[in-house]
Every structure is written in C-alpha cells, then in structure tokens.
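Numbering (my numbering), first residue to last: 52 to 121.
Encoded structure:
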C-alpha cells in the first residue's frame with residue numbers, strides 16, 4: 052500500500068517580513084491511498100459496486116490497516 056499526503060496550508064505575509072501559516076480548513080491534510088488487492092472477480096465486482104454507490108463523496112466506515120486501536 053502506498054500513502055501520499057498533500058497538506059493544504061494558508062500563509063499570510065506581513066509587511067515587516069513576518070508570515071503566519073495555518074491549516075486551510077478542518078481536513079487540511081488530504082491522504083490518498085494506492086492499494087493492491089488480491090481478490091476474486093466476484094469480490095472485485097462487489098467492491099467496485101460499493102465504491103460506485105458512494106460516488107466518491109459519500110462517507111463509509113473503514114479501518115486503516117496500518118493503525119491498531121483508536
């Protein structure tokens with residue numbers, strides 16, 4: 052599994068040479084995952100249908116395989 056992180060940061064620059072940086076919103080660190088699965092064709096169809104049903108924006112519960120517990 053490959054994980055990429057793309058933080059979104061806002062920066063304000065002041066005339067005296069100082070700047071202030073902050074996270075741009077509540078979910079400012081976008082994570083993208085590249086996952087390779089070994090599944091049957093039937094399981095792949097079910098997985099594709101599940102993802103299509105959620106349309107890329109609807110939430111669903113899952114767990115991160117690299118994290119244990121909360």
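Beta carbons are placed, not taken as given, at the ideal position from N, Cα and C, and that holds for glycine.
Keep in mind that this is a model prediction, so the values were computed, not measured.
DSSP state of residue i mapped onto helix, strand, coil
i           : result
residue 74  : strand
residue 88  : coil
residue 109 : coil
Residue range of the unbroken beta strand (DSSP E) whose run includes residue i
i          : result
residue 58 : 53-58
CB contact below 7 Å: residue i versus chain C
i          : result
residue 69 : Annotation note: the requested chain C is absent from the structure, which comprises a single protein chain.
CB-CB length for residue i against residue j, believed under 8 Å
i          : j           : result
residue 82 : residue 59  : Between residue 59 and residue 82 the Cβ distance is about 12 Å, and since that is not below 8 Å, they are no contact.
residue 84 : residue 117 : So it is not a contact: roughly 10 Å between Cβ atoms.
Specify whether the segment 93-107 and the segment 73-83 touch according to this definition: at least 3 beta carbon pairs, one from each stretch, less than 8 Å apart.
-> no
*asked:* I'd like to know if the segment 96-104 and the segment 54-66 are in contact, where contact means that at least 3 CB-CB pairs between them fall below 8 Å.
replied: no
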